[in-house]
Amino acid sequence: MLKGKSIVSIDDVETEDFYEIFHRASIFKKTVKEGKSLELMKGRIMSTFFFEPSTRTRLSFESAMNRLGGSVISVSEAKNSSAAKGETIADTIRMASSYSDIVVMRHPMEGAARVASEFSTVPVLNGGDGSGQHPTQTLLDLFTIWEKYGKIEDLEISLVGDLKYGRTVHSLIKALNRFNNKINLVSPEILQMPDHFLNTLKNRTKINLNSNIDEVLQTTDVFYVTRIQKERFVDLNDYQKVIGSYSFNQELVDRMKDNAIIMHPLPRVDEIDPKIDGNKRAYYFIEAANGVFVRMALIDLILRGGKVE
Amino acid sequence: MLKGKSIVSIDDVETEDFYEIFHRASIFKKTVKEGKSLELMKGRIMSTFFFEPSTRTRLSFESAMNRLGGSVISVSEAKNSSAAKGETIADTIRMASSYSDIVVMRHPMEGAARVASEFSTVPVLNGGDGSGQHPTQTLLDLFTIWEKYGKIEDLEISLVGDLKYGRTVHSLIKALNRFNNKINLVSPEILQMPDHFLNTLKNRTKINLNSNIDEVLQTTDVFYVTRIQKERFVDLNDYQKVIGSYSFNQELVDRMKDNAIIMHPLPRVDEIDPKIDGNKRAYYFIEAANGVFVRMALIDLILRGGKVE
Amino acid sequence: MLKGKSIVSIDDVETEDFYEIFHRASIFKKTVKEGKSLELMKGRIMSTFFFEPSTRTRLSFESAMNRLGGSVISVSEAKNSSAAKGETIADTIRMASSYSDIVVMRHPMEGAARVASEFSTVPVLNGGDGSGQHPTQTLLDLFTIWEKYGKIEDLEISLVGDLKYGRTVHSLIKALNRFNNKINLVSPEILQMPDHFLNTLKNRTKINLNSNIDEVLQTTDVFYVTRIQKERFVDLNDYQKVIGSYSFNQELVDRMKDNAIIMHPLPRVDEIDPKIDGNKRAYYFIEAANGVFVRMALIDLILRGGKVE
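Chains as they are written, first to last, in the numbering used here: chain A, 1 to 309; chain B, 1 to 309; chain C, 1 to 309.
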């Protein structure tokens with residue numbers, strides 16, 4: 001039961017909740033595609049507090065609330081706000097929760113969302129906090145896999161790119177690891193998944209560390225590619241070399257399973273060649289669009305319990 | 001009658017209007033708490049023009065308009081807007097008033113809101129102009145007192161902290177002074193209420209200048225504490241000394257009247273110890289939340305005359 | 001038929017569409033003036049992506065969508081957004097179009113809106129791209145003329161001021177030139193309309209280059225004045241001289257035809273003396289307010305086909 005709950009970490013979402021979210025997201029996807037309007041959140045307000053910018057996450061949440069018939073109040077540059085006058089997160093979130101029925105927060109500091117959820121009088125959705133969690137991204141990733149395969153277990157999933165700093169892959173692997181999935185980690189040495197993080201996972205036997213893209217190319221069901229940030233490299237030549245070997249292009253795609261899909265949390269830069277955008281395996285735009293439907297489901301389940309009207 | 005009026009200064013609000021606002025705010029508070037949605041402002045638009053940032057004031061107004069079923073268009077950083085191309089306040093406000101049914105403006109320059117109200121074709125609500133007025137803050141402060149005591153007269157009220165620059169206390173004392181209240185001014189010497197301002201007040205005999213917190217602690221009904229800004233002090237030692245003597249902590253609260261309340265326009269920094277947040281006398285979060293209901297009442301009374309549907 | 005179309009350039013609007021837009025805008029103007037609320041866009045979302053700030057254009061679009069009963073999600077400083085992480089316009093617009101039903105974009109780069117319209121899965125409205133087009137400004141300008149004269153042909157129209165950089169006059173002259181209008185170009189030498197632009201126009205015989213304000217003052221039906229930017233002048237004395245001769249003041253207005261109107265895309269600075277704001281020929285505020293009604297018409301015709309309910 002998600003009703004009344006805050007979602008700070010993907011661990012806050014129980015296994016049975018996943019499927020409830022997916023089913024509800026499917027229904028909302030159909031409703032929106034048919035151009036029907038909803039009034040489930042009529043009179044309700046979401047506040048979005050973004051202490052660091054994230055256009056994609058913010059707009060996706062705001063679109064979701066609007067699609068449900070609710071309203072939004074928004075601080076897209078919260079660092080210029082009361083916080084700049086020395087206000088604590090606790091006080092800021094108390095304000096937010098007295099102005100709205102649900103709060104979405106993004107913050108550069110790991111743990112900020114947990115603090116917020118403790119002081120808020122309304123549910124808090126973590127829109128990403130530092131190198132911590134980004135649970136709604138994980139939910140939309142899982143929904144996209146579920147939509148394709150009808151399940152989120154017994155699959156082979158390759159996480160590719162920046163596995164060290166990439167917040168989305170940390171949230172995702174935690175969730176995938178709960179189920180019986182084979183997971184391949186494919187990354188340059190300096191961007192490998194940290195040991196201290198890997199140690200928090202339960203089923204380590206199903207995880208192949210230090211995989212090579214060529215080894216997993218023909219067996220993988222889901223490629224999850226992340227952006228490799230130039231800024232991580234001291235030497236730009238190293239960046240060029242890495243990008244060269246991790247770029248998803250036509251040649252690579254042609255060697256994949258017919259049924260495989262390629263996902264990416266976006267924005268992408270050089271990791272995926274725009275020439276493959278039209279390929280049937282390119283799922284990253286579908287994935288991005290799914291963000292709205294999954295967030296609609298989550299808002300509805302949290303504020304209304306998702307009961308069918 | 002507030003219908004069609006601009007609210008630039010608390011002086012624009014007549015005594016009988018106060019009680020109409022309070023009653024209407026009470027009704028809206030009940031409606032919102034019950035989760036009922038309203039459509040009183042359906043099809044109406046509020047524009048918020050903030051030439052200096054004020055998250056709390058802006059979001060509170062926007063929440064109020066949304067709670068009433070209306071829409072909001074917003075400029076949170078108006079200094080980057082047309083004004084930057086050399087446009088006058090007169091022309092900017094003409095634009096705002098041709099796009100919306102009511103305008104909320106905050107501006108760093110005293111008198112800006114008055115100018116705006118003269119050129120606007122729709123009502124203007126002053127969201128604070130320089131060291132000038134901040135009338136809706138005063139209304140929510142008064143409503144909070146009225147909710148507690150059932151009246152805004154015959155009370156002993158101590159204003160504590162920065163009485164020199166604090167815009168909210170200037171608006172508030174003007175209003176309190178209209179009624180038969182005893183007012184104590186408690187502040188460090190360098191932050192005393194300016195003489196030129198005190199001279200504008202009518203009933204000066206009811207005002208105790210240079211009060212000491214210990215003297216008034218056991219007789220005060222309402223403590224109104226304001227933020228003391230570090231930047232006001234040349235010597236940080238002076239700031240530390242002042243904060244030391246004006247901080248509301250458990251020891252101080254224990255000596256207050258059982259029935260007393262502590263208010264603060266927020267954000268607070270060091271003036272109020274978070275440890276007393278759970279004390280029954282701590283009214284600052286209730287006060288902040290009341291901002292939405294008072295602004296709902298004001299918008300409704302101005303745009304619809306507040307008639308009951 | 002505008003249904004489902006993007007509007008990147010005024011050339012995308014066919015002649016018969018002009019009149020359909022004008023009629024629909026008239027109806028919406030009446031509806032809004034009467035305080036009636038509309039639900040034509042209920043459940044629909046507009047996203048506004050402004051890669052350079054333009055308060056007037058953005059708020060006017062957002063007001064229009066709200067007046068129609070729709071919602072808005074907004075990025076007023078898109079340069080701080082995903083684009084800053086290296087995302088292409090194509091990817092940004094794909095995101096926008098998966099979150100909303102119609103996208104308004106403003107971009108500093110000429111041609112950006114065309115690119116956006118090619119990758120978007122929903123209609124794109126160009127809110128100005130570099131020195132390129134600003135078609136909705138042109139439509140509201142034409143509507144204002146049509147409202148006054150009942151036609152947009154067989155008129156004498158003088159374009160005054162910065163005809164070199166002024167994006168609005170380029171869009172406007174293209175449209176006016178389609179009909180049988182006499183057009184006078186009045187500008188300082190350094191701000192004349194560029195030859196390469198003039199060469200794109202069809203009926204050059206109806207255009208009087210290098211007109212003098214005194215020559216055209218008594219025959220002109222519509223004066224369209226644009227802002228002359230100080231920054232264009234190396235020598236500020238030159239600016240002062242130019243402003244001196246192009247300023248619309250009482251003396252100039254008194255010599256105009258009784259029926260003439262003065263328009264300006266705003267913001268104005270020194271080109272129009274505020275003392276003539278009350279003159280019956282001053283149409284620039286009416287013009288600005290018309291922006292909302294014309295954009296309502298456009299959104300409605302594009303998303304619904306404008307059918308009467």
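Backbone N, C-alpha and C define an ideal beta-carbon position, used for all residues, glycine too. If you're wondering where the values come from, they're calculated on a predicted model, not measured in any experiment.
Going by beta carbons, Glu-153(A) and Asn-181(A) fall inside the 8 angstroms limit. It is roughly 34 angstroms from the alpha-carbon of Phe-293(C) to the alpha-carbon of His-134(B). Counting C-beta pairs with one atom in each stretch, the region 34–49 of chain A and the region 60–80 of chain A have three or more that are closer than 8 angstroms, which means they touch. Per DSSP, Ile-262(C) is one residue of the beta strand (DSSP E) stretching across 261–263. When secondary structure is reduced to three states using DSSP, Gly-161(C) falls in the coil class, being assigned neither helix nor strand.
Residues of chain B with a Cβ closer than 7 angstroms to the Cβ of Val-269(C) are, in chain order, Gly-86. DSSP, reduced to helix, strand and coil, places Met-256(A) outside both helices and strands of the structure shown, so it counts as coil. Taking the Cα positions, Leu-40(B) is about 20 angstroms away from Asp-101(A). Listed in chain order, the non-local C-beta contacts of Val-242(A) below 7 angstroms within the same chain comprise Pro-188, Ile-228, local neighbours out to five positions each way being set aside. Of Ala-288(B), Lys-33(B), Glu-118(B), the smallest CA-CA separation from Ser-6(B) is found for Glu-118(B).
Taking 8 angstroms as the cut-off between beta carbons, the residues of the region 34–45 of chain A near chain B are Lys-42, Gly-43, Arg-44, Ile-45, in sequence order. In this structure, the straight-line span from the alpha carbon of Gly-130(B) to that of His-107(B) is close to 6 angstroms. Straight across, the Cα-Cα distance linking Thr-138(A) with Ile-10(A) is about 7 angstroms. With a cut-off of 8 angstroms on Cβ pairs, the region 14–29 of chain A is not in contact with the region 88–96 of chain A, counting fewer than three such pairs.
Of all residues in the region 281–297 of chain B, only Phe-285, Ala-288, Ala-289, Val-292 come within less than 7 angstroms of chain A when Cβ atoms are compared, listed by chain position. The C-alpha of Asp-270(C) lies about 9 angstroms from the C-alpha of Gly-244(C). Nearest in C-alpha terms to Ser-158(B), of all of Asn-210(B), Val-122(B), Leu-201(B), is Asn-210(B). Any Cβ of chain C closer than 8 angstroms to the Cβ of Asp-91(B) would place that residue at the interface, and such an atom is present.
When CB distances to chain C are screened at a threshold of 8 angstroms, the residues of the region 243–269 of chain A falling below it are Leu-266, Pro-267, Arg-268, Val-269, in chain order.
Tyr-246(B) counts as buried, since at least 16 other C-beta atoms from the protein chains shown sit within 10 angstroms of its C-beta.
Taking a Cβ-Cβ cut-off of 7 angstroms, the neighbours of Tyr-99(A) in chain B comprise Leu-59, Ser-60, Ser-63, Val-292, given in sequence order. Taking Asn-279(B) as the centre and dropping the five residues before and after it, the same chain places the C-beta of Val-253 closer than 6 angstroms to its C-beta, in chain order.
For the pair Glu-156(A) and Thr-220(A), the CB atoms are nearer than the 8 angstroms cut-off. Against chain B, the CB of Asn-208(C) has no partner CB under 8 angstroms away; the residue lies outside that interface.
Cβ neighbours of Met-1(A) within its own chain (closer than 8 angstroms, five residues either side excluded): Asp-17, Gly-305. Non-local C-beta neighbours of Leu-140(A) in its own chain, meaning closer than 7 angstroms and more than five positions away in sequence, comprise Glu-287, Asn-290, Gly-291, Val-294, ordered along the chain.
Interface flag for Arg-67(C) against chain B is set, since a Cβ pair is found closer than 8 angstroms. A residue is called buried once 16 or more other Cβ atoms fall within 10 Å of its Cβ, and Thr-205(C), having fewer, is exposed. Per DSSP, the continuous alpha helix (DSSP H) segment holding Gly-291(B) begins and ends at 284–304.
In the DSSP annotation of this structure, the continuous segment of the beta strand (DSSP E) that includes Ser-47(A) starts and ends at 45–50. Going by DSSP, Lys-182(A) is part of no alpha helix (DSSP H) but of the beta strand (DSSP E) stretching over 182–186.
A direct Cα-Cα distance of roughly 20 angstroms separates Gly-86(C) from Tyr-224(A). With a threshold of 8 angstroms between beta carbons, Met-109(B) makes no contact with chain C.
Judged by DSSP in its simplified three-state form, Ile-207(C) adopts strand.
Sequence-distant partners of Lys-275(A) (beyond 5 residues in either direction) whose C-beta falls short of 8 angstroms from its own C-beta, in its chain, are Asn-249, Gln-250. Counting every other CB atom within 10 Å of its CB across the protein chains shown gives Val-32(A) a total of 16 or more, marking it as buried.
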